[in-house]
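The block underneath contains the structure these notes are about, expressed in structure tokens.
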Amino acid sequence: MGKIRCRFCKEEAFIRLKQHRLNLCKEHYLSWFENYTQRTIREFNMIKEGERVLVAVSGGKDSLSLWFVLKRLNYQADGLYIDLGIGEYSKKSKEKVLKFAKEHNLKLIVVSLKEEGIPIPLVGEKTNRSYCSLCGRIKRYYFNKVAREGGYDILATGHNLDDEASSLLSNVLSWDLKYLGSKFPVLEEEGGFKKKVKPFFKFSEKEVLIYTLLRKIDFIEEECPYSEGASTLFYKKLLNEVEERSPGTKLRFYLDYLRKVYPLFKKKREDLKSCILCGEPSYKEVCFICSLKGKVKV
Ligand SMILES: [Zn+2]
Ligand SMILES: [Zn+2]
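Residue 102 in this note's numbering sits at position 98 of the sequence shown; the count goes up by one each step and never skips.
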């Protein structure tokens with residue numbers, strides 16, 4: 005059997021992307037990855053020239069690589085790191101993000117939930133909601149607030165295909181129609197919410213990991229100690245088994261959702277008002293975060 009050759013330079017390939025029917029050497033993998041990101045951004049009208057992007061960075065491979073690629077593609081992209089106040093995990097992830105920003109001379113904004121009076125361990129203890137749902141809502145609130153105050157046009161997150169497809173699968177299994185009308189890789193600015201984009205949503209987790217390793221980007225590998233990773237991991241594994249048997253299924257599953265299902269359930273956020281305390285969008289007079297701050301204050 006002959007060697008597998010790179011599509012572009014005919015050198016020996018180091019990877020075979022079955023769902024794209026593409027064999028690539030290391031160098032051409034990097035350029036393929038960056039060009040593909042650019043194509044996704046254009047295809048979904050995610051970022052226009054001159055717009056300012058705020059990238060939500062956690063210290064993980066997806067968000068750091070996204071920041072790196074956006075800069076390489078010459079977008080104006082600053083980073084936002086939210087220090088969740090979760091012991092060693094937050095300390096380590098913050099170190100990675102600070103180091104990355106410094107190395108590449110990038111502008112980073114840091115929000116400390118401890119200083120805000122609502123570190124995750126405290127709010128988790130004082131309310132009966134799950135840590136992950138609390139953390140998700142708090143992060144969304146600060147991404148939006150910081151973007152609005154800093155005059156950013158767009159918020160970008162590093163969600164990959166495995167994240168999106170596994171979350172879709174688990175919500176389809178429970179027929180969560182609210183979810184089915186709210187998830188899209190681009191959400192336009194609406195009702196006080198900034199525009200949100202996920203430029204990596206077509207890349208599998210493995211594809212992002214390979215890019216991160218080839219670029220020698222140092223990232224935190226640990227999962228959050230509160231993470232409800234078990235069920236998410238299960239769905240990811242399940243989808244990868246299907247993918248193994250039938251390459252391309254994962255991407256098709258997600259793209260067909262975007263094309264066929266999302267338009268049927270899409271809703272307008274028309275009932276939104278502004279929180280009377282902080283001005284952020286809210287369905288009630290006082291938003292979730294401000295009422296949370298009231299609850300945990302001693
Ligand atoms: Zn090549
Ligand atoms: Zn508020």
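Think of the CB as a built atom: it goes at the ideal place given N, C-alpha and C, for glycine as much as any other residue.
Checklist entry - Cβ-heavy atom distance between Leu28 and ligand 1 below 8 angstroms? => result Indeed, a heavy atom of ligand 1 lies less than 8 angstroms from the Cβ.
Checklist entry - Mind pulling the beta strand (DSSP E) runs of 3 or more residues that sit fully within the region 45-105? => result Counting whole runs of 3 or more residues, the region 45-105 contains the beta strand (DSSP E) stretches 56-60, 80-87.
Checklist entry - Asp82 and Gly154: beta carbons closer than 9 angstroms? => result For Asp82 and Gly154, yes; Cβs fall inside 9 angstroms.
Checklist entry - Which of helix, strand or coil does DSSP assign to Ile221? => result Ile221 falls in the coil class under three-state DSSP.
Checklist entry - Which one or two residues does DSSP pair with Ala160 in a beta bridge? => result Per DSSP, Val59, Val201.
Checklist entry - To which residues of the same chain is Phe188 closer than 7 angstroms at the C-beta, ignoring the five residues directly before and after it? => result Apart from the 5 residues on each side of it in sequence, Phe188 sits with its Cβ closer than 7 angstroms to the Cβ of Leu262, Tyr266 in its chain, given in chain order.
Checklist entry - Which residue spans inside the region 126-175 form an unbroken alpha helix (DSSP H) run of at least 4? => result With a minimum length of 4 residues, the continuous alpha helix (DSSP H) runs that stay inside the region 126-175 are 135-153.
Checklist entry - Is it the case that the CB of Arg141 approaches a heavy atom of ligand 1 more closely than 8 angstroms? => result With a cut-off of 8 angstroms, the C-beta of Arg141 is classified as distant from ligand 1, since no heavy atom of the ligand falls inside that distance.
Checklist entry - Rounded to a whole number of angstroms, what is the C-alpha to C-alpha distance between Ala160 and Lys149? => result Rounded to whole angstroms, Ala160 and Lys149 show a C-alpha spacing of 14 angstroms.
Next on the checklist: Can you tell me whether Ser178 is helix, strand or coil according to DSSP?
Outcome noted: Note: Ser178 maps to coil in three-state DSSP.
Checklist entry - What separation, rounded to the nearest whole angstrom, lies between the Cα atoms of Val101 and Leu276? => result If I take the Cα positions, the gap works out to 34 angstroms.
Next on the checklist: Going by C-alpha to C-alpha distance, which of Tyr230, Ile19, Glu289 sits closest to Gly89?
Outcome noted: Of the candidates Tyr230, Ile19, Glu289, the one whose C-alpha sits nearest the C-alpha of Gly89 is Tyr230.
Checklist entry - How many whole angstroms separate the CB atoms of Phe205 and Glu247, which I take to be in contact at a CB cut-off of 8 angstroms? => result Distance from Phe205 to Glu247 at the Cβ level is roughly 16 angstroms; contact not present, criterion being Cβ atoms closer than 8 angstroms.
Checklist entry - Cβ-heavy atom distance between Cys136 and ligand 2 below 8 angstroms? => result Of the heavy atoms belonging to ligand 2, none sits nearer than 8 angstroms to the Cβ of Cys136.
Item to check | Collapsed DSSP secondary structure at Leu268 in the structure displayed | outcome: Assigned with DSSP and collapsed to three states, Leu268 falls in helix.
Checklist entry - What residues in its chain sit with their C-beta under 8 angstroms from that of His32, if we drop five residues either side in the sequence? => result Taking His32 as the centre and dropping the five residues before and after it, the same chain places the C-beta of Cys10, Arg11, Phe12, Cys13 closer than 8 angstroms to its C-beta, in chain order.
Next on the checklist: My output table needs one value for Arg11: the three-state DSSP class, helix, strand or coil.
Outcome noted: When DSSP states are grouped into helix, strand and coil, Arg11 belongs to the coil group.
Checklist entry - Where does Arg25 fall in DSSP's three states? => result Correct three-state label for Arg25: coil.
Next on the checklist: Please state whether the Cβ-Cβ distance between Leu68 and Phe37 is less than 9 angstroms.
Outcome noted: Remark: C-beta atoms of Leu68 and Phe37 do not approach each other more closely than 9 angstroms.
Next on the checklist: So for Ser208, helix, strand or coil by DSSP?
Outcome noted: DSSP places Ser208 in coil when its eight states are reduced to three.
Checklist entry - Nearest to Lys254 by CA position, among Lys210, Tyr146, Glu107, Phe48, is which residue? => result Lys254 has its Cα closest to that of Lys210, out of Lys210, Tyr146, Glu107, Phe48.
Checklist entry - Should Arg249 be listed as close to ligand 1, given that the test is whether its C-beta is under 8 angstroms from any heavy atom? => result Not one heavy atom of ligand 1 falls within 8 angstroms of the beta-carbon of Arg249.
Next on the checklist: Going by DSSP, what residue range makes up the alpha helix (DSSP H) through Val300?
Outcome noted: Counting along the chain, Val300 sits inside the alpha helix (DSSP H) bounded by residues 292-300.
Checklist entry - How would you label Glu284, buried or exposed, when you count the other beta carbons within 10 angstroms and need 16 or more for buried? => result By the neighbour-count rule (16 or more Cβ atoms within 10 Å), Glu284 is buried.
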